[in-house]
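Participant: In the numbering used here, the protein residues as written are 190 to 526.
For every residue, glycine included, the Cβ atom is placed at its ideal position computed from N, Cα and C.
So that we are looking at the same thing, I have put the structure below in C-alpha cells.
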Amino acid sequence: MVDVVLSLDQLHALAVNVLTSNGLGAPHAQAMAKMLVAGQRDDCQSHGVWRLIGCVKTLRSGKLNLDAKPSVQDISPALVKVDAQYGFSPLAFELGSQMLVEKAKRTGIAALAINNCFHFSALWPEIEVLTDQGISALAMVPSHSCVAPAGGTKPLFGTNPIAFGWPRPDGMPFVFDMATSRIARGDIELHQRSGSKIPNDWAIDEDGQPTDDPERALKGAMLTFGGYKGSALSAMVELLAGPLIGDMLSRKSLEFDDGAGVAPCHGELIIAFNPSLFGGTDFVENSHRAEALFAGIVDQGARLPSQRRFEARKRSVEHGVALPAKLHADLLNLIET
Ligand code: NDP
Ligand code: PYC
C-alpha cells in the first residue's frame, strides 16, 4: 500500500475532526491537534498522529473531562499553577505558559506546575514556546509505571521524560527531549504495531529476562537509559513532577487508570530561566560562550539534539507528511459520524 501524503493543514483538520467527532471540546481539540501534528511534522513518530488512536480510547473511556476549563492560579512572584481539571495537558500549558514567561522575565526564574492533566505528548513543543520568547527551560513529567529501577525487575517509574531548551540568537534553539527509559514506550508500541523486533537491551520480560519481543517487553518492564544514572534521574522526575507539586507518582497514576489502558493522568513541572537577567551586563558575552559550546559539538562532526527534527520540519513544511496508508485508514475510521 502506498503512503498518503497530506499537507500540515490537511493533517491538522483530520486530527481536529477525529477529536471533536469523539466529543472533545473545540479548544482542546485545536491544542491537541497542534501538538500531534508537530510530532508528525518533526518525524517524532512515537508522539505523532498515531497517538490519536490512544487519544480516542481516552476520550471514549469516560475518565477524561472533555470540556475541562483549566484554571490558572498566580501562586507567588515565581510560581504559577494550572489545574487542568482532568482534561488533556496541551490547553493547560497554553493557558499557563504566558504567565510563566512574564514571571521569568521579571524574576529571572519561575516555575509552572500543571496538575490533574492527562498527558501523553512530547515535551519539546512546550519548550520551544519558551525558547521562542528568549527563555531557557526545563520540563519533566512522570507517566504510568512501566520502567524498572536499575537493579530491579518490576515496573515502578514511568518513562519520565526530561526536556531542556536554550534560546539561540540566530537560529533554532538547542533542545533535547528524552525519556529516562532506554526509549519512549511509544516506540515499543510502534514495533508491536508493525510486528518488528526491538533491540534486546530496551526491556525485560515478565521473568526478568532480556527480550526482543515488543509484546513481552510491554508486559514486562522497560529499562532506564544509562543504568543507575537514568534510574536516579527518573526518580527525580517522579519527585519533582509528583509530590513536590502535589500530584501523582507514576504508580499512583497507573492505579488511577484502573485497567482502562488510557493516557496517564498526573502533573507536570516546567522551570523557566531568563538568561538576560541571570547574565546581566555579561549577557552577550555569555551568549557567545554558549555558541562556542555548540560549535565545539558540531565542529567535530557530532550533531546537536533536535537537528534531525528541525531538518524533518523543513521537509514537512515544504512537501507535507507521508502517512502509511494503514495509519491513514485507521485515523479515518476513528471519526464518529
Ligand atoms: P530519542 O532517544 O529518540 O531522542 C532523545 C533526544 O536525543 C532527542 O532530543 C534527540 O534529538 C536526541 N538525539 C538522538 N540521537 C542523537 C544523536 N546521535 N546526537 C545528538 N542528539 C541525539 O527520544 P526518546 O525515545 O527518549 O523520547 C522521544 C519522545 O518521547 C520525547 O519527545 C519525549 O518527550 C516523549 N515522551 C513523552 C512521555 C510522556 O509521558 N509525555 C514519556 C516518554 C517519552 P532528535 O529528535 O533530533 O533526534
Ligand atoms: O512513549 O513513553 C511514552 C509515553 C508515555 C506517556 C506518553 N508517552
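#1: So is residue 526 buried or exposed if we call it buried at 16+ other beta carbons inside 10 Å?
#2: Here's the rule I'm using: 16 or more other beta-carbon atoms within 10 Å means buried, otherwise exposed. How should residue 270 be labelled?
#3: Using three-state DSSP, classify residue 415 as helix, strand or coil.
#4: DSSP puts residue 455 in a beta bridge; with which residues?
#5: Between 431, 374, 380, which lies nearest to residue 413 when the distance is taken from Cα to Cα?
#6: Would you kindly report the start and end of the unbroken beta strand (DSSP E) that includes residue 321?
#7: What is the residue span of the alpha helix (DSSP H) that residue 375 lies within?
#8: Within 10 angstroms of the Cβ of residue 470, are there 16 or more other Cβ atoms? Answer buried if so, exposed if not.
#9: Which first and last residues belong to the beta strand (DSSP E) in which residue 194 is found?
#10: Starting from residue 176, trace the beta strand (DSSP E) both ways and give me its first and last residue.
#11: So is the beta-carbon of residue 446 under 7 Å away from any non-hydrogen atom of ligand 1?
#12: For residue 464, which residues from the same chain have a beta carbon less than 6 Å from its beta carbon, with the 5 sequence-adjacent residues on both sides left out?
#13: Nearest-angstrom Cα distance between residue 432 and residue 503?
#14: Counting C-beta neighbours from all protein chains within 10 Å, is the total for residue 219 16 or more, i.e. buried, or is it exposed?
#15: Output the boundary residues of the beta strand (DSSP E) element that contains residue 346.
#16: Could you give the uninterrupted runs of the beta strand (DSSP E) lying entirely in the segment 231-282, keeping only those of 3 residues or more?
#17: Could you say which of 367, 261, 342 lies nearest to residue 409 if we only look at CA atoms?
#18: Is it buried or exposed for residue 482, if we count other Cβ within 10 angstroms and need 16 for buried?
#19: Is the beta carbon of residue 277 within less than 7 Å of some heavy atom of ligand 1?
#20: Whole angstroms is fine: what's the gap from residue 241's alpha carbon to residue 299's?
Facilitator: This is what the structure gives:
#1: exposed
#2: buried
#3: coil
#4: 306
#5: 374
#6: Looking at the DSSP string, residue 321 is not in any beta strand (DSSP E), and its letter there is neither H nor E.
#7: 374-383
#8: exposed
#9: 193-195
#10: Absent from the model: residue 176. The displayed extent of the chain is 190 to 526, so no value can be given.
#11: no
#12: 325
#13: 40 Å
#14: buried
#15: No beta strand (DSSP E) holds residue 346; DSSP gives it neither H nor E.
#16: 260-265, 268-277
#17: 342
#18: exposed
#19: no
#20: 32 Å
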